[in-house]
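Counting in the numbering used here, the sequence shown runs from 14 upward without gaps. Ideal Cβ placement from N, Cα and C applies to all residues, glycine included.
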Amino acid sequence: MELDVEQIKAVYETIKPATIRTPMVPATRLSHHLGIDLSLKLENLQHTNAFKARGALAKLLTLTDDMRKTGVIACSAGNHAQGVAYHSNRLGIPATIVMPEGTPFNKIKRTSDLGAEVVIHGQGFDDSVQFTLDLAAQKGLTFIHPFDDPMVVAGQGTVALEMLEQDPDLDTIVVPIGGGGLIAGMAIAAKGVKPQIEIVGAQAHLFDAAKADFDEAAPNFAGATLAEGIAVRQPADANLDVIRRLVDRIDSATEAEIENAIFDLLSYEKLVAEGAAGAGLAVIEKHLDQYKGKKVGLVICGGNIDSRLLSTLILRGLMRDGRITRLTFEISDTPGQLSKISRIIGDAGANVIEVIHQRMMQSVSLKQAELEVVIEARDQTHVDEIVGALRENGLTVRIPQDV
Numbered sequence: 014m015e016l017d018v019e020q021i022k023a024v025y026e027t028i029k030p031a032t033i034r035t036p037m038v039p040a041t042r043l044s045h046h047l048g049i050d051l052s053l054k055l056e057n058l059q060h061t062n063a064f065k066a067r068g069a070l071a072k073l074l075t076l077t078d079d080m081r082k083t084g085v086i087a088c089s090a091g092n093h094a095q096g097v098a099y100h101s102n103r104l105g106i107p108a109t110i111v112m113p114e115g116t117p118f119n120k121i122k123r124t125s126d127l128g129a130e131v132v133i134h135g136q137g138f139d140d141s142v143q144f145t146l147d148l149a150a151q152k153g154l155t156f157i158h159p160f161d162d163p164m165v166v167a168g169q170g171t172v173a174l175e176m177l178e179q180d181p182d183l184d185t186i187v188v189p190i191g192g193g194g195l196i197a198g199m200a201i202a203a204k205g206v207k208p209q210i211e212i213v214g215a216q217a218h219l220f221d222a223a224k225a226d227f228d229e230a231a232p233n234f235a236g237a238t239l240a241e242g243i244a245v246r247q248p249a250d251a252n253l254d255v256i257r258r259l260v261d262r263i264d265s266a267t268e269a270e271i272e273n274a275i276f277d278l279l280s281y282e283k284l285v286a287e288g289a290a291g292a293g294l295a296v297i298e299k300h301l302d303q304y305k306g307k308k309v310g311l312v313i314c315g316g317n318i319d320s321r322l323l324s325t326l327i328l329r330g331l332m333r334d335g336r337i338t339r340l341t342f343e344i345s346d347t348p349g350q351l352s353k354i355s356r357i358i359g360d361a362g363a364n365v366i367e368v369i370h371q372r373m374m375q376s377v378s379l380k381q382a383e384l385e386v387v388i389e390a391r392d393q394t395h396v397d398e399i400v401g402a403l404r405e406n407g408l409t410v411r412i413p414q415d416v
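If you want it as structure tokens, here you go:
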């Protein structure tokens with residue numbers, strides 16, 4: 014069926030009792046930092062910490078009693094899986110979830126914890142779909158597609174209805190794109206309520222199939238992306254048709270830009286966001302001039318980032334900002350050198366958090382030693398001041414960018 018705004022409104026009324034009306038909050042610190050008026054739709058606070066729970070519920074509520082009894086199956090890298098598992102468990106419907114190899118462990122565990130049977134198969138979403146369809150046919154299960162299903166798309170579109178109820182003056186909504194279900198549903202809903210609103214799509218550069226289709230260009234499919242939730246090689250044709258008609262433009266972001274954006278959301282707004290949401294902020298940060306003077310809404314579509322990955326990302330972000338820095342010294346191997354270095358760093362207002370003393374390195378002379386000191390500072394300017402003070406005291410010191 015071809016969706017319209019009235020159908021999405023009807024679906025919204027159906028799923029509303031079991032859906033969280035997530036906050037729409039001004040991104041005060043980010044807005045000040047970027048020089049734009051930015052608000053965030055916190056779908057990372059939705060059931061299972063992602064918007065996917067909306068579409069999953071919308072589809073599950075259409076099943077017949079026989080379908081409910083036999084059970085459902087889905088194929089997902091994580092968020093759709095958890096949405097289906099959560100609502101299936103709540104409604105007493107058996108659920109099987111096929112997840113690609115390499116899916117973050119936290120997503121696998123959370124899906125299993127929600128009562129679903131998890132099957133690991135394939136190198137990515139696209140590799141897993143046919144296996145899932147075959148398993149569905151073999152066991153008589155109802156397949157719930159994560160984005161190529163009008164009821165699922167309608168459920169995702171309810172995000173836009175809430176955003177415009179919460180902030181009717183929005184000029185632009187930025188939406189991450191994987192298979193296209195979220196942006197297709199939101200574009201239909203938003204343009205139906207406010208035809209003049211601008212809809213902008215965001216993709217990872219490594220998986221930019223929707224942007225390539227929109228721009229009539231060749232797509233990029235290369236390597237692993239931090240935004241694994243939107244790493245889809247082939248969006249649904251129906252969604253692409255909606256995107257061509259209703260989306261104003263699609264921008265993409267590199268892995269470094271996505272990583273920086275996730276760190277910015279955490280650092281400025283204290284929000285945990287996964288890579289897909291990071292792609293949304295990344296394209297805004299990349300094209301700031303296009304958002305000046307507009308009220309901009311960004312969908313923080315999910316918060317299910319692997320905790321180990323997040324910890325590494327935080328440390329890398331702190332190092333980029335100069336808040337954690339490794340200093341390398343060549344010192345004479347005599348007493349008092351470490352004390353002298355520590356005193357200068359402490360007097361400058363920084364903190365020593367790690368020291369590695371190397372005497373065996375063949376890159377320095379026998380009567381010298383190499384010392385690595387990891388410090389915590391305010392920012393890069395503070396690091397430069399500390400390095401200057403160390404050098405003024407006759408110490409030979411290198412920082413990573415000197416190497």
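Here V368 is exposed, its C-beta having fewer than 16 other C-beta atoms within 10 Å. Secondary structure note for V132: its beta strand (DSSP E) is the uninterrupted segment E130 to I133. For I106, no beta strand (DSSP E) encloses it, and the DSSP letter there is neither H nor E.
Contact annotation, L174 with L183: C-beta distance approximately 12 Å; criterion of less than 8 Å not satisfied. Per the C-alpha coordinates, the member of N406, I212, F156 and L239 positioned closest to S320 is L239. Note: G310 is bridge-paired with S52 and I186 in the DSSP secondary-structure output. When only Cα atoms are considered, G401 and A361 end up about 10 Å apart.
Ranking N364, T109, H370 and K82 by CA distance to the CA of I337 puts N364 first. Taking the Cα positions, K307 is about 27 Å away from N252.
For Q20, the uninterrupted alpha helix (DSSP H) run begins and ends at V18 to I28, by DSSP.
About 5 Å separates the beta carbons of L311 and L53, which is inside the 8 Å limit, making them a contact pair.
Nearest Cα to K82 within the set N102, R42 and H93: N102. Within the DSSP secondary-structure output, H46 pairs in no beta bridge. Looking from the CA of T394, the closest CA among D334, G115, G349 and N233 belongs to D334. Counting other Cβ atoms within 10 Å of its Cβ, L328 stays below 16 and is therefore classed as exposed. Burial is judged here by how many other beta carbons sit within 10 angstroms of a residue's own beta carbon; I133 has fewer than 16 and is exposed.
Membership of D392 in any beta strand (DSSP E) is not indicated, and neither H nor E is assigned to it by DSSP. Taking all protein chains in view, the Cβ of G236 is surrounded by fewer than 16 other Cβ atoms within 10 Å, so the residue is classified as exposed. Along the region 256-283, the beta strand (DSSP E) occurs as fully enclosed runs of 3 or more residues at 262-266, listed in sequence order. Put simply, the backbone Cα of N406 is about 12 Å away from that of S355. Shown here, A63 sits in a strand according to DSSP, grouped into three states. The count of Cβ pairs closer than 8 Å, one atom from the region 254-274 and one from the region 213-220, reaches three, so the stretches are in contact. A check of alpha carbon separations from A225 across A200, G68 and I256 identifies I256 as the nearest. Comparing alpha-carbon positions, the option among I190, H370, A66 and I49 lying closest to P30 turns out to be A66. In the assembly as shown, E19 is an exposed residue. Its beta-carbon has fewer than 16 other beta-carbons within 10 Å.
Non-local beta-carbon contacts of T267 in its own chain, meaning distances under 6 Å to residues more than five positions away in sequence, involve H218 in chain order. For V172, the uninterrupted alpha helix (DSSP H) run begins and ends at P163 to Q179, by DSSP.
For R339, the enclosing beta strand (DSSP E) stretches over residues I337 to S345.
Going by beta carbons, V245 and G316 fall outside the 8 Å limit.
Selection V85, L104, H100 and A290 evaluated against V111 yields V85 as nearest (Cα-Cα). DSSP lists V188 and I263 as the beta-bridge partner residues of G214. Sequence-distant partners of T145 (beyond 5 residues in either direction) whose C-beta falls short of 7 Å from its own C-beta, in its chain, are I86, C88, V111 and F156.
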